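My numbering puts the last residue of the sequence shown at 358; the count rises by one with no breaks. The C-beta atom is built at its ideal place from N, Cα and C for all residues, glycine as well. Predicted, not measured: the structure shown is a model, and the values here were computed from it. Here's the structure we're looking at; comments come further down.
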Amino acid sequence: MNHRPGDTYAYCFSHGCLHVFEAGKEPSCDATWVAFNAACEEEALEAKEAAYGAARFFDELSLPQKLEVLEIRDTWTGKPAPQQT
Numbered sequence: 274m275n276h277r278p279g280d281t282y283a284y285c286f287s288h289g290c291l292h293v294f295e296a297g298k299e300p301s302c303d304a305t306w307v308a309f310n311a312a313c314e315e316e317a318l319e320a321k322e323a324a325y326g327a328a329r330f331f332d333e334l335s336l337p338q339k340l341e342v343l344e345i346r347d348t349w350t351g352k353p354a355p356q357q358t
């Protein structure tokens, strides 16, 4: 997939990977992700690492990080993330 300016790069803690949401379209993932202001995948992964370290999945985050991820995701989508187990 060729990424275009305006695409959104988001790390998904439910799927353990980076998603790229096409500019102007609704995010294609309903799970627990955090979007980053990044121009490319490398920048997004660097920002994820700086903010959340090596955590790959939601259960690897500290409680404050979990709350932050949920708040950020809810702000981007306007709806709550699915419950985590």
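- In the DSSP annotation of this structure, the continuous segment of the beta strand (DSSP E) that includes residue 291 starts and ends at 290 to 294.
- Distance from the CA of residue 287 to the CA of residue 346, rounded to the nearest whole angstrom, comes to 12 Å.
- Across the structure, residue 320 and residue 306 are spaced so that their CA atoms are roughly 13 Å apart.
- Counted as a single uninterrupted DSSP element, the beta strand (DSSP E) harbouring residue 283 occupies residues 281 to 285.
- Selection 292, 296 and 309 evaluated against residue 302 yields 292 as nearest (Cα-Cα).
- Excluding the 5 residues flanking it on each side, residue 317 has same chain C-beta neighbours closer than 8 Å at 282, 283, 284, 291, 309 and 311, in chain order.
- The residue from 342, 315, 279 and 326 with its alpha-carbon nearest to that of residue 299 is 279.
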